[in-house]
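Position one of the sequence shown corresponds to residue 1139 (this note's numbering), numbered consecutively onward.
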Amino acid sequence: MTLFKRLPELWQYVLLGVVLWIVVDWGTAGGFRIAYFQKYGPTLLLFYVGYPLVFSILAFRLRWSERRLFGATLVAILLIEVLFVGNPLLTTFPALLAGIQLAVAIYATLTYFPLWFVRGELGRHRRLIAVLILVELIIMTLTTIGNPGP
């Protein structure tokens, strides 16, 4: 048995969530540029650790259902992307028509992939996982080639 599997599920989720946040955010928002970390470093750390920690508590301590976690994910999108970041894809019309869907895809990945991994349910959700990974890769590619950086 690996050291990782010996950890309580809550901490497995946190560790996977932090790694996933780094990769997903760096690719989708930072275009895989080191300058992104240099500019937003401490703030990013708050999101990279805070989000997985909060959602691990909701999932494993409070035993929220996946449906309830989805509601919390929508609230997180509102708080993080609209109120804190002011993401123009979610704060301007008509961009928000596509932006909402993209944000849901990105944050669903951040919420559910660690959960399904820890619970051993990746196979059960393989079609949805494939679609979400494709969306992530497209956004990462467009951000990387279309954004000169922060």
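Even for Gly, the Cβ is constructed at its ideal location relative to N, Cα and C.
Small disclaimer: the values here were computed from a predicted structure and weren't measured.
Residue range 1172-1194 is occupied by the alpha helix (DSSP H) that includes SER1194.
If you look at ARG1264, you'll find it in the alpha helix (DSSP H) that goes 1264-1284. Between the stretch 1144-1157 and the stretch 1256-1273 there are three or more inter-stretch CB-CB distances shorter than 8 Å, so the stretches are counted as touching. With a cutoff of 8 Å on beta-carbon distance, LEU1248 and LEU1227 are scored as not near each other. Of the candidates LEU1275, ALA1197 and VAL1220, ALA1197 places its Cα closest to the Cα of TYR1250.
Judged by DSSP secondary structure, GLU1219 falls outside any alpha helix (DSSP H); it is assigned neither H nor E.
Comparing alpha-carbon positions, the option among LEU1158, GLU1219 and GLY1165 lying closest to ILE1283 turns out to be GLY1165. Within the same chain, ILE1244, THR1247, LEU1248 and GLU1274 come within 7 Å of VAL1162 by CB-CB distance, once the 5 residues on both sides are set aside. A Cβ-Cβ distance of about 7 Å is found for the pair TYR1189 and ALA1214, placing them in contact under the 8 Å criterion. Linking THR1230 to THR1279 through their CA atoms gives a straight-line distance of about 23 Å.
For ALA1197, there is no enclosing alpha helix (DSSP H), as DSSP marks it with neither H nor E.
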